[in-house]
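Just so we're aligned, residue 6 is where the sequence shown starts under the numbering used here, counting upward by one.
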Amino acid sequence: MLHCRGTHMRLAIYTGILLAGGYAGLTPALAADPTGDWRVADGVANIRVAQCNGSMWGAVSWEKQPGGRDENNPDVSKKNRPTLGMATLINMKKVAGAEQWEGQVYNAKDGQMYSATITPAGSDQLEIKGCVLGFLCGGETWTRVGPPIPPSTANAMAKGGPKTTGAAPKAAPSAAAPAPAAAASKSAVAAKPGQKGATDPVGDICLLPEIAGFAH
6 MLHCRGTHMR
16 LAIYTGILLA
26 GGYAGLTPAL
36 AADPTGDWRV
46 ADGVANIRVA
56 QCNGSMWGAV
66 SWEKQPGGRD
76 ENNPDVSKKN
86 RPTLGMATLI
96 NMKKVAGAEQ
106 WEGQVYNAKD
116 GQMYSATITP
126 AGSDQLEIKG
136 CVLGFLCGGE
146 TWTRVGPPIP
156 PSTANAMAKG
166 GPKTTGAAPK
176 AAPSAAAPAP
186 AAAASKSAVA
196 AKPGQKGATD
206 PVGDICLLPE
216 IAGFAH
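Put into structure tokens, the structure is as follows:
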């Protein structure tokens, strides 16, 4: 929960459950990696965090109660959109000299955006802090429920590669087209973190229209 000096400002960033008894096997090398699936403090959903186009983004990847809608959004056209797959961490940039990212967080409880930071705390916790107009701040801690998200075609630019325009974006999808087909034959067994599959309807969040189009 986020508490704002007497004002209950809870980040309604949904995240989920995948963990039965703690995500074991993570190493200290992951301490500063905020990517992966995280369970929010109240356990109602998971937020999948990935680096897309050089910024950290987060989207709802699982809901305890399926079928949620963004009914508190002030934009009438978005009130009926599903909360599953909805962006919650918005265009978060790395802070120079610190293992911290800052940007905005969308609070589905009131349909508002807040300035926010995310900071890895060890390998299995992520601290989220949000502020209203630069003050009245509060925060909560999320728990890792999945490993870091590996690089993908969609977020390749996050590794520092130059942005391209025109024909380049079209060439990349066509070159990568055979990969999903090959992966599909193995999807019945298991899907890698961040891959879309029968048990993971969200998949690579960098491909979500809301994130790919830098809009909210």
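Where is the CB? At the ideal position from N, CA and C, for every residue including glycine.
| query | result |
| --- | --- |
| One or two residues paired with residue 128 in a DSSP bridge | DSSP, once it has assigned bridges, lists no residue as partnering residue 128. |
| Enclosing alpha helix (DSSP H) for residue 217 [first to last residue] | 214–217 |
| Endpoints, beta strand (DSSP E) assigned at residue 97 | 92–99 |
| In DSSP terms, what residue 135 is bridged to | 121, 143 |
| Beta carbon of residue 97 nearer than 8 Å to that of residue 90 | no |
| Burial state of residue 134, where buried means 16 or more other Cβ atoms lie within 10 Å | buried |
| Beta-carbon separation (whole angstroms), residue 131 vs residue 43, contact threshold 8 Å | 5 Å |
| One or two residues paired with residue 87 in a DSSP bridge | 74 |
| Close Cβ partners of residue 75 (< 8 Å) along its chain, the five nearest in sequence each way excluded | 83, 84, 85, 86, 87, 88, 91, 113, 116 |
| Per DSSP, cross-strand counterpart(s) of residue 112 | 117 |
| Supposed close pair residue 124, residue 111 - CB separation, criterion 8 Å | At roughly 19 Å, the Cβ-Cβ gap does not stay under 8 Å, so residue 124 and residue 111 are not in contact. |
| CA-to-CA distance, residue 65 to residue 208, given in whole angstroms | 11 Å |
| According to DSSP, residues forming a beta bridge with residue 57 | 60 |
| Three-way DSSP call (helix, strand, coil) for residue 52 in this model | strand |
| C-beta contact flag for residue 129 and residue 148 at 8 Å | yes |
| Limits of the unbroken beta strand (DSSP E) element including residue 41 | 41–44 |
| Per-residue DSSP class, three states only, for residue 81 | helix |
| Buried/exposed call for residue 153, threshold 16 Cβ in 10 Å | buried |
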